[in-house]
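In terms of full-length UniProt numbering, the sequence shown opens at residue 1 and continues consecutively. Just so it is clear, CB atoms sit at the ideal spot from N, CA and C, and this is done for glycine as well.
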Amino acid sequence: MPAIIGLYGLPGSGKSFLLKKLQNQLDPRQYTFYEGSELIASLVTGGLAAFQKLDNKKKQYWREQAMSTVAGDCYQSGRTAIVTGHFMFPAEGEYVSVCTAKDLNTYTHIIYLKLSAKVLSEQILGDTEKVRRSMSVEDLETWQQMEVQGLTRLSKEHDILFSNLAETGDNRLLDAFKLIQFSRRVKTVPNMIRVNARVDEILSHHTGLETMLVFDGDKTLCTEDAGMLCWKAIGIADQIVELFKGPLGYSETTFLQAMLLCEETIDETNFEGICKLRAAQIKIHPEFIYLLRKMKSHNHVRAVVATCGIRRLWELVLEREGFSETVKVIGGARISDDMIVTPIVKAHIVSRLKGEKGLRVWAFGDSPLDLPMLEEANEAIVVTGELHSRSRSMEKALLEAIEARDLRAQQTRQPGYVPPRLTVDVLPEVYLTDPAFLCAVFSRRQSLHPNVWHTTDTNAARLLMSPARDASVAGSQLRRAHGNMALYLAWSFLSEKLGVEEYPIQHVQGHQISGHRLRHEQKTTIVALMRGGEPMALSLSEAFPLAMFVHAASPNDVRSDHVENQETVILVDSVINSGKTLIDFISHTRSLSRHVQIIVVAGVVQADAILQGRKLAKKIEEHGVLIGALRLSENKFTGVKGTDTGHRLFNTTHMD
Numbered sequence: 001m002p003a004i005i006g007l008y009g010l011p012g013s014g015k016s017f018l019l020k021k022l023q024n025q026l027d028p029r030q031y032t033f034y035e036g037s038e039l040i041a042s043l044v045t046g047g048l049a050a051f052q053k054l055d056n057k058k059k060q061y062w063r064e065q066a067m068s069t070v071a072g073d074c075y076q077s078g079r080t081a082i083v084t085g086h087f088m089f090p091a092e093g094e095y096v097s098v099c100t101a102k103d104l105n106t107y108t109h110i111i112y113l114k115l116s117a118k119v120l121s122e123q124i125l126g127d128t129e130k131v132r133r134s135m136s137v138e139d140l141e142t143w144q145q146m147e148v149q150g151l152t153r154l155s156k157e158h159d160i161l162f163s164n165l166a167e168t169g170d171n172r173l174l175d176a177f178k179l180i181q182f183s184r185r186v187k188t189v190p191n192m193i194r195v196n197a198r199v200d201e202i203l204s205h206h207t208g209l210e211t212m213l214v215f216d217g218d219k220t221l222c223t224e225d226a227g228m229l230c231w232k233a234i235g236i237a238d239q240i241v242e243l244f245k246g247p248l249g250y251s252e253t254t255f256l257q258a259m260l261l262c263e264e265t266i267d268e269t270n271f272e273g274i275c276k277l278r279a280a281q282i283k284i285h286p287e288f289i290y291l292l293r294k295m296k297s298h299n300h301v302r303a304v305v306a307t308c309g310i311r312r313l314w315e316l317v318l319e320r321e322g323f324s325e326t327v328k329v330i331g332g333a334r335i336s337d338d339m340i341v342t343p344i345v346k347a348h349i350v351s352r353l354k355g356e357k358g359l360r361v362w363a364f365g366d367s368p369l370d371l372p373m374l375e376e377a378n379e380a381i382v383v384t385g386e387l388h389s390r391s392r393s394m395e396k397a398l399l400e401a402i403e404a405r406d407l408r409a410q411q412t413r414q415p416g417y418v419p420p421r422l423t424v425d426v427l428p429e430v431y432l433t434d435p436a437f438l439c440a441v442f443s444r445r446q447s448l449h450p451n452v453w454h455t456t457d458t459n460a461a462r463l464l465m466s467p468a469r470d471a472s473v474a475g476s477q478l479r480r481a482h483g484n485m486a487l488y489l490a491w492s493f494l495s496e497k498l499g500v501e502e503y504p505i506q507h508v509q510g511h512q513i514s515g516h517r518l519r520h521e522q523k524t525t526i527v528a529l530m531r532g533g534e535p536m537a538l539s540l541s542e543a544f545p546l547a548m549f550v551h552a553a554s555p556n557d558v559r560s561d562h563v564e565n566q567e568t569v570i571l572v573d574s575v576i577n578s579g580k581t582l583i584d585f586i587s588h589t590r591s592l593s594r595h596v597q598i599i600v601v602a603g604v605v606q607a608d609a610i611l612q613g614r615k616l617a618k619k620i621e622e623h624g625v626l627i628g629a630l631r632l633s634e635n636k637f638t639g640v641k642g643t644d645t646g647h648r649l650f651n652t653t654h655m656d
C-alpha cells in the first residue's frame, strides 16, 4: 500500500505554496501531487463554483470521489500521493468538519501546517491572489485548536500518523521533506526488513558466534525508566503516556507517532544533549556489569539491547561502561534511527537470531512488553526490580504465560534484596554471578548441552555403577542395581529439577505434620522404554507411587490419555547411545502436548550424543527437555548379545 499524505492547515497557512515547492523538488516517478480543491473542481460539472452551491450530502459525495481518485491512482502507479485538504469550516458560530470516512480510510499520514494565529492573520491579509474572509486572531486560534484536536483524535482512531509542521522559516521545507520521505519509507520498506538489516549489520562484525544475550533496556539493565527520564526533560512525557494508552496500544503506528512527536518537539542537537545528560544518571545493575565484562573474554558470546525506548540513550550508557564494541543497540526514537522496536519486533529479533542465525539466545526482560521475546528465547530471565518501579501488570501476564503458553523462565532479583515475583517455585531464582549460571551462558557448542545433568565423577556414581559394569552381574542382581541407580536419580536429580510439594502426614507421636513428595506427583507419567528401561522405571515408580506407569516398546505406545492433563512425563532408559530412539519418543510426546514437561532419566548416556549441535542436543533444546544421567560415557561401543544391557538384565544373552 503506497503512502497517501494529507497536507492540512487553515486557509492561508501555506498548503498550496508548500505543495508547489515539493512538486519542484521531489521525484515525479515516486510522488504525485494533488490540490484538493482543484481535484474536486475537475470532477464536478461546472467546477468549484457549482460544487459550492451543492447541499452538504452531495458535497461529501464529491469529496469522497476525489479521495477515491487519489487512492486509485496511487494503487495503480505505486507512487506516494501528497494531497492538500480542509478539515473544518466555520458555520453559524461553530466549526463543522468536512472530513469524510473515505479520507480516514485512505490517508496514511496527515501533516498539519501549524502557525501562530498572529502570523496566520498577517498571511491572510497579505495574500493578494485569494480572497478570504477576515477573522480575528482569537477566532483563528480557536479554529486551529479545534482542527488540531480533531485530527489528533481521528488519527489515533484510524491508524493514521499525524505531525505538526511548525513555522520554522527556511527550515520548514526541509522539515516537510524529512516527514514526507519518512512517510514514504515507512510504507515502501517494512519495518521488519530494516530491523533485519540492523541485525545483519551487527552480526557481520563477529565470526564464530554461538550465543547471543538479548536485553531489554529500561528497568531491566537498570532500575530507572531511562526513556521516560528523557521524555520528561523534553517535555512530552504526558503525551507519550497518553499515546500508548490510546486505541492503538503498543502498535507500530503508536511507536511511529511517538517518534514524530519527538521530532516536532526537539531538534537533533538538543536531543543529543538531553540523552547525554540522562545517560550520566543511568546506572547498570552491578551483576549485569559483571556478566558483560566477563563476556568480553568470550568471543563466541555477544549481546544486544533491543529497546522500545531510546537507542541513542542506551548507546551512551554502554559507551560509558566500555561496552560499545561488545554490546550493540537496536531501537528507535528519531527518524534517523530508521526503525522502531515494538514487543513483536523484539520477539522477531530473538526468533531470527535463534532460527536463521542458529544462535543460542538468552533473553532478559522485566515487563509484559518483553514476554513475546522471553517466550521466543532458548532461555528466559525475568528481571525483578524494586517494588515501586516494577511493572504492576507483569505478575498476571507472567503467570498466564507460564500456565497457558508454557513459558519456562527464571528470575533474577535486581537488586538482590527485593522480594521475588510470584514464588521461587513458580519462577525459580538465578544469580547472574553464580558459576553454574555463567557456565551455562558461556559454554561452547562442543561442550555438553546445559540441559544435561550427570554425576559421572562422583563417588556415589562410582559405587552405584560398579555392579552395572561388572560382567559377572546379570538378571535380577543387575535389575536391582539399575533400580538403585534410579532411586538415586529420583532423590538427587528429579527432586531438584521438578521440586517438591507439601502434604499432610500423621506423626508417630499422633499429631499432623507436613511431609514432602515430588511436585505434581499425581500428574506425572513414568514411561519405561522397553525393555532396558523397565527396572529403572519400576524403581522410580516406587519412589513416586502416585505417578502413572506406562510400558512403551515404541513411541506410539505412549497415548494421548497418558499425557493429557499431566504436568510431567519421565522417559526412562538404561542406556542412551546415539539418541535416535529417544528423539522419536520426545517428538511423539511433544506432539501429544505442547505444555507437558519432558524429563529423561538414564543410567548411562553417550557424551557425544549430547554435545551442543548434535541431533539429540538440538531436540532437547527445541522442546525444553532435561536429561538426568548417573554417568556419561566417552565409549561409543554399542553392546550386542552378552554385552547388550537389555540381554544382561533379563538373562537372554544367548539370544540374538
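Within the chosen definition, does the stretch 333–353 reach the stretch 184–200 through at least 3 CB pairs nearer than 8 Å? yes
Can you tell me where the alpha helix (DSSP H) with Thr581 in it begins and where it stops? Lys580 to Leu592
Just curious, the beta strand (DSSP E) that Ile344 is in, first and last residue? Where Ile344 is concerned, there is no enclosing beta strand (DSSP E), although the alpha helix (DSSP H) it sits in stretches over Pro343 to Lys354.
Assuming Ala602 and Asp584 form a contact by the criterion Cβ under 8 Å, report the distance between their Cβ atoms to the nearest whole angstrom. Actually they do not touch by this definition, with Cβ atoms about 15 Å apart.
Proximity below 7 Å, CB of Leu173 to CB of Lys21: yes
Going by the CB atoms, is the gap between Ile110 and Tyr8 shorter than 7 Å? yes
For Gln25, count neighbouring C-beta atoms within 10 Å of its own C-beta (all shown protein chains included) and say buried if the count is 16 or more, exposed if not. exposed
Assuming Thr525 contacts Met548 (C-beta within less than 8 Å), just tell me the rounded distance between them. 4 Å
What does the alpha-carbon distance come out to for the pair Ile505 and Val569? 26 Å
I think Leu494 touches Ile599, with their Cβ atoms under 8 Å apart; what is that distance to the nearest whole Å? 7 Å
Straight-line CA distance for Met212 to Arg312? 21 Å
Leu369 versus Val345: straight-line alpha-carbon distance, rounded: 10 Å
Does the separation of the CB atoms of Glu167 and Leu229 fall below 7 Å? no
I need the boundaries of the alpha helix (DSSP H) containing Phe323, first residue and last residue. Here Phe323 belongs to no alpha helix (DSSP H), and DSSP marks it neither H nor E.
Which partner residues of Arg133 appear in the DSSP bridge assignment? Per DSSP, none; premise fails for Arg133.
Would you tell me roughly how many angstroms separate the C-alpha atoms of Lys641 and His647, rounded to the nearest one? Low per-residue confidence applies at Lys641: pLDDT is 39, beneath 50, and the placement is therefore not dependable, though the value from the model is reported in the following sentence. So the two alpha carbons sit approximately 6 Å from each other.
Buried versus exposed, by CB contacts within 10 Å (16 or more), Asp366: buried
Does Leu611 come out as helix, strand or coil in the three-state DSSP assignment? strand
Would you decide whether Phe87 is buried or exposed? Buried here means 16 or more other CB atoms lie within 10 Å of its CB. buried
My understanding is that Ile586 touches His623, with C-beta atoms under 8 Å, so please give their C-beta distance in whole angstroms. 6 Å
Alpha carbon to alpha carbon, how far is Tyr95 from Trp143? 7 Å
Where does Lys328 fall in DSSP's three states? strand
Looking at His449 and Ile240, is the spacing between their C-beta atoms short of 7 Å? no
If you reduce the DSSP assignment to three classes, tell me which class Gln23 lands in. helix
Between Phe637 and the rest of its own chain, which residues show a CB-CB distance below 7 Å, the 5 nearest in sequence each way excluded? Only weak support is given to the placement of Phe637: the predicted model assigns it a pLDDT of 39, under 50, and the question is left unresolved by the model.
Looking only at its own chain, which residues have a Cβ that is under 8 Å from the Cβ of Ala377, when we skip the five neighbours before and after it? Val214, Val350, Lys354, Val361, Trp362 and Ala363
Is the distance from the Cβ of Ala629 to the Cβ of Val605 below 7 Å? yes
Looking only at its chain, what residues have a beta carbon closer than 7 Å to the beta carbon of Lys296, apart from the 5 residues adjacent to it on each side? Thr326
Would you please state the rounded distance, in angstroms, between the beta carbons of Arg413 and Glu400? I believe it to be under 8 Å. Not quite, the Cβ-Cβ distance comes to about 21 Å (not below 8 Å), so this is no contact.
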